[in-house]
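Working notes, beginning with the structure itself.
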Amino acid sequence: MTLSKLSLAVLCLVLLVIGFVFGFLGGFFSHIPDTGNNLDRLQSLTKDADETISRRLIDEVNPENIRHYLKHLTSKPHMAGTPADKETADEIKRFWETEAVLDRVQIYPYDVLLSYPEQDSPNRIVIKDVNDRDLFTTQLYESILDPEQNQSDVVPPFNAFSASGEPKGDLVYVNYARVDDFIWLTESEHIDPNGKICIARYGKVFRGDKVLIAQRYGCLGMILYSDPADYVLLTNAEDVYPDSWFLPGSGVQRGNVKATFAEKYGCIGLILYSDPANYAIDDKDAVYPDSWFLPDSGVQRGTLNMEGDVLTPHYPAIKSAYRWPKNKTSLPRIPVQPIGYDDARVLLSNMTGPEVNPDWRGKLKITYRLGPGFKNRDWKTQMFIKTHTKNVTTYNVLGFIEGAIEPDRYVLLGNHRDAWVFGALDPTSGTAAMMEISRAFGVMLKTGWRPRRTIIFCSWGAEEHGIIGSREWVEYYGKMLSERAVAYINVDIAVQGNFSFRGRTMPLLHQLMFDTAKQIPNPDPDEVSAGRKTVYDTWLYRQPAVDKRGLKTGVPIIQNLGSGSDFAPFVTKAGVTAVDIAYNYDRSLGLSSYPMYHSAYETFRLVETYYDPTFAYHKAIAQYWGELGRRLADEYILPFDVIQYGVSLDGYVQSVIDNYGELMESTRTNTGLGFLKEAVTTFKEASQQFIKDLSTVDTSNPILVRMYNDVMIQIDRMFIDPNGLPGRPFMRNVIFAPSKHNSYTGSTFPGLIDSLYELDRTKTMIEEEEKGEVVKQQIAILTYFIEAAASSLRNILI
Ligand SMILES: *[C@@H]1O[C@H](CO)[C@@H](O)[C@H](O)[C@H]1NC(C)=O
Ligand SMILES: *[C@@H]1O[C@H](CO)[C@@H](O)[C@H](O)[C@H]1NC(C)=O
Ligand SMILES: *[C@@H]1O[C@H](CO)[C@@H](O)[C@H](O)[C@H]1NC(C)=O
Ligand SMILES: *[C@@H]1O[C@H](CO)[C@@H](O)[C@H](O)[C@H]1NC(C)=O
Ligand SMILES: *[C@@H]1O[C@H](CO)[C@@H](O)[C@H](O)[C@H]1NC(C)=O
Ligand SMILES: [Zn+2]
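Here the sequence shown is numbered in the numbering used here, starting from 90 and rising by one per residue.
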């Protein structure tokens, strides 16, 4: 090889290398835009919510739309399991697909057992003379007071899941039919309701709890009526619907009477008060399998569930589900029927027996007597009840907005769709608000916005028959929700008054609920004039929280979640952080519920005339609902208040000590209390450290942020005990459950509080010892759960 050849070769090589390098670099640089995309993509993972959406979403809510949806949906009855159930499901589906334009809509049907009266042969109660002639018959239908209400498919008044039958006997008045009312009646007044028909006023506790007690005391049947004392404020008879929003004499509250809990002895509060000999409690004939009470040796295995389909307890009511025979369920065994106070007046005014004491008196202008029976001893009361159960399909409709960054994290907004009749308040005020907020989200989507996490709108079926549609869905998807749900926000009745906003939730969301209320304009013009510009201002002004010394704490009242709507399965089964909101009437008026509750008078006219003529309150609820959902779905770091959880736990312990400290000391059941307090302290310390670490988290690392978020969404899940509460396998949350003695209200530390309540009422040393052991066990269980929850906050590597 010559030099020139060598040079040429070197030159070629150099050129080649240069060419290669440039080629490579060229290729490299030609990929720069892609790399930039990746960086952009990484950056988009860490971007925080676009806060300008907040105002735009709130401004998008139009009260005229809500009025229009409400009017349309309440134009006919839409009871669960009827053709209207399917029609309204299809309508919501169509609305979400074509008006709101959500990403996806799906219907989830379930075959469940619901309960109906005979449409052509309504239930009635008759006064019979000695020759079995009818002297008086209760109204078969509510009077027509409003043209809208004149429709053939209005279901006649009935109580769902009542037994059928024609019991005949003497009447006994049992006040509100609470445990304590029956104890007073039997122990102080020496009146035995056994073999009688009892008549009770609605109010104070869930109607299913009343039936359970009545049945336990041997009543043949139960009549429930709405007393003016609880459903009318004015004594002037002219001042009821249609001339006001108070219940007229022919109005009847429908509602389901499924047992809310049943255990060894049906109702523990009762057995502990009573001499077992009087109530056949040790009588083996009166327990399962001959009745729905569990035998002494009973392990929970019947279908003793308060929520969901009675034939498929614990499991979803899908086609393949195992269904229990009907006669092994906890459905009431006695006929039950609701009536209005016009009819109740006739029955009660004819009664004989001692006059009731003042706090048992209602506001009818009669002398209230206990019975048993009528003044004319030959007259009897007979119930003609043909309520029957039926396998029907009910429909949940879910609409999805897929999250842009974390599509597998869900924020759920839900409301039930089924109503007893027109349901203009319950639940359609909520349905109309949900439609409008879903439409507003749809408008945001069209502008190019998309939330970080997935938003799911849920329209539940068959809530009125006992929280069935939502419970079945949660039973099916419970495991998945436990991994992926961020929160569930419920609205049942959006507007049941114009006094104040009402919020119920768990500690993680207290602060967010306050903050959201500060963003929503006040719908009450008088309040705005008084300088209270936001929903929060009136809420704080009219519903201030007070401490146990009666001093204002500086924030509004937030209640605990009991049961009574679709948030229940999320809280008690899956441990999902939940919220329930509404506009409420003034609770200090002493009404038992809003007066027209579950009657045929819950019409559009009622809402438009008395509740919300401008639909401003509906608008405020829709805005609040949407904004709360937006923040949970869109904020990079979840707006959960971990510190508040510790503060609340501390308060729950303190309240146990305040109410039962002496009892625990005298029964020496307080030995574990030190451990419990220590666990709460540990939790508080862990929560403080968690927040400190979170405040300095490297937000440019989306995986790290998601780790913190995941710890927070799991906190409420940490309190799910798969074994359930004592005697209540369907209630699995050890911090929150419906109160055992009134399913409408919520209690904290329910297992402990219930066992203390029962310990407090024991009569023998043996009972005391037995109940004392349950108390000690409950303290230990709580201690363990709180400790374990603290460890979940403290150290991601255990
Ligand atoms: C209800 O409607 C029916 C038929 O449409 C009519 O005959 C009846 O008079 C109406 N009743 C009332 C009270 O408006
Ligand atoms: C329960 O119902 C099944 C069929 O549905 C029947 O075979 C059985 O005899 C019933 N048991 C009782 C105790 O009534
Ligand atoms: C008693 O019942 C009869 C019908 O059976 C009814 O006409 C009457 O108004 C009722 N009240 C009184 C106080 O008699
Ligand atoms: C309930 O009814 C549906 C159809 O409405 C039917 O497919 C299903 O098999 C029925 N289930 C039971 C337990 O009867
Ligand atoms: C609405 O507010 C007014 C003024 O406070 C009150 O008189 C009225 O009873 C309220 N209406 C309802 C349905 O609560
Ligand atoms: Zn409802």
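Just so you know, even glycine gets a beta-carbon here, dropped at the ideal spot from N, CA and C.
Whole-angstrom distance between residue j and residue i, CA atom to CA atom
{"i": "THR483", "j": "GLY397", "result": "12 Å"}
{"i": "PRO857", "j": "LEU313", "result": "Per the sequence shown, the amino acid found at residue 857 is Glu instead of Pro. When rounded, the distance between both Cα atoms is 35 Å."}
{"i": "SER339", "j": "MET685", "result": "11 Å"}
{"i": "PHE590", "j": "ILE582", "result": "12 Å"}
{"i": "VAL580", "j": "VAL500", "result": "14 Å"}
{"i": "ASP281", "j": "GLN471", "result": "19 Å"}
{"i": "ILE407", "j": "ASP200", "result": "7 Å"}
{"i": "LYS860", "j": "GLU847", "result": "7 Å"}
{"i": "LYS373", "j": "VAL425", "result": "Summary for LYS373: the model assigns pLDDT 32, below 50, so the residue's position carries little reliability, and this model does not support an answer."}
{"i": "PRO317", "j": "GLY451", "result": "7 Å"}
{"i": "ARG130", "j": "LYS568", "result": "31 Å"}
{"i": "ASP385", "j": "TYR411", "result": "For ASP385, the pLDDT reaches just 33, beneath the cut-off of 50, and the residue's location in the model is therefore unreliable, although a value from the coordinates is still provided. So the two alpha carbons sit approximately 26 Å from each other."}
{"i": "ILE804", "j": "LEU601", "result": "16 Å"}
{"i": "SER744", "j": "LYS637", "result": "9 Å"}
{"i": "GLU876", "j": "TYR262", "result": "49 Å"}
{"i": "MET753", "j": "GLN866", "result": "13 Å"}
{"i": "SER380", "j": "LEU420", "result": "Only weak support is given to the placement of SER380: the predicted model assigns it a pLDDT of 35, under 50, and the question is left unresolved by the model."}
Integer-rounded CB distance, given that residue j should sit under 8 Å from residue i
{"i": "VAL510", "j": "VAL243", "result": "5 Å"}
{"i": "THR478", "j": "LEU203", "result": "7 Å"}
{"i": "GLY460", "j": "ASP259", "result": "6 Å"}
{"i": "ASN283", "j": "TRP449", "result": "In fact, because the Cβ distance is near 20 Å, the residues do not count as touching under 8 Å."}
{"i": "GLN585", "j": "LEU514", "result": "6 Å"}
{"i": "GLY715", "j": "ILE526", "result": "4 Å"}
For residue i, the three-state DSSP class (helix, strand or coil)
{"i": "PHE659", "result": "helix"}
{"i": "ASN154", "result": "helix"}
{"i": "ARG213", "result": "strand"}
{"i": "TYR354", "result": "Caution applies to TYR354, whose pLDDT of 33 falls short of 50 and renders its modelled position unreliable; the value that the coordinates give is listed next. Coil, per DSSP."}
{"i": "GLY763", "result": "helix"}
{"i": "ALA433", "result": "helix"}
{"i": "LEU717", "result": "helix"}
{"i": "ARG795", "result": "helix"}
{"i": "PHE590", "result": "strand"}
{"i": "TRP273", "result": "helix"}
{"i": "GLN471", "result": "strand"}
{"i": "ASN579", "result": "strand"}
For residue i, the nearest candidate out of the options (CA to CA)
{"i": "VAL665", "options": "GLU724, ALA711, PRO596", "result": "PRO596"}
{"i": "PRO246", "options": "GLN228, LEU514, PRO658, ASN587", "result": "GLN228"}
{"i": "ASP319", "options": "GLN866, SER681, PHE838", "result": "SER681"}
{"i": "VAL742", "options": "GLY763, ALA722, TRP449", "result": "GLY763"}
{"i": "GLY519", "options": "VAL575, CYS547, LEU793, LEU336", "result": "CYS547"}
{"i": "ASN485", "options": "ILE609, HIS599, TRP562", "result": "TRP562"}
{"i": "THR594", "options": "SER241, PRO402, ASP730", "result": "ASP730"}
{"i": "LEU534", "options": "ARG719, ASN587, PRO658", "result": "ARG719"}
{"i": "TYR672", "options": "GLY735, ILE646, ASN587, GLY620", "result": "ASN587"}
{"i": "TYR330", "options": "GLU231, TYR291, GLU278", "result": "GLU231"}
{"i": "TRP468", "options": "LYS454, VAL435, LEU487", "result": "VAL435"}
{"i": "THR703", "options": "PHE250, MET569, GLY170, LEU159", "result": "LEU159"}
{"i": "THR163", "options": "LYS852, GLU697, MET796", "result": "GLU697"}
{"i": "PHE335", "options": "LEU322, ASN345, GLY620", "result": "LEU322"}
{"i": "THR785", "options": "SER253, ILE726, ASP332", "result": "ILE726"}
{"i": "GLN777", "options": "GLY735, SER677, ILE842", "result": "GLY735"}
{"i": "GLY840", "options": "ARG850, ILE647, SER828, THR851", "result": "SER828"}
{"i": "ASN212", "options": "ILE474, ILE870, SER836", "result": "ILE474"}
Opposing strand residues paired with residue i [DSSP bridges]
{"i": "ALA513", "result": "For ALA513, which the question treats as bridged, DSSP gives no partner whatsoever."}
{"i": "ASP40", "result": "For the chain, the structure presents residues 90 to 887; residue 40 sits outside this window and is missing."}
{"i": "ALA249", "result": "ASN345"}
{"i": "GLN426", "result": "ILE312"}
{"i": "GLN195", "result": "LEU487"}
{"i": "LEU814", "result": "ARG817"}
{"i": "TYR499", "result": "THR543, ALA574"}
{"i": "THR666", "result": "Looking at the DSSP assignment, THR666 forms no beta bridge with any residue, so it has no partner."}
{"i": "ASP223", "result": "LYS217"}
{"i": "ALA671", "result": "ARG591"}
{"i": "ALA826", "result": "SER836"}
{"i": "VAL864", "result": "The partner list for VAL864 (beta bridge, DSSP) is empty, contrary to what the question assumes."}
{"i": "GLY258", "result": "THR470"}
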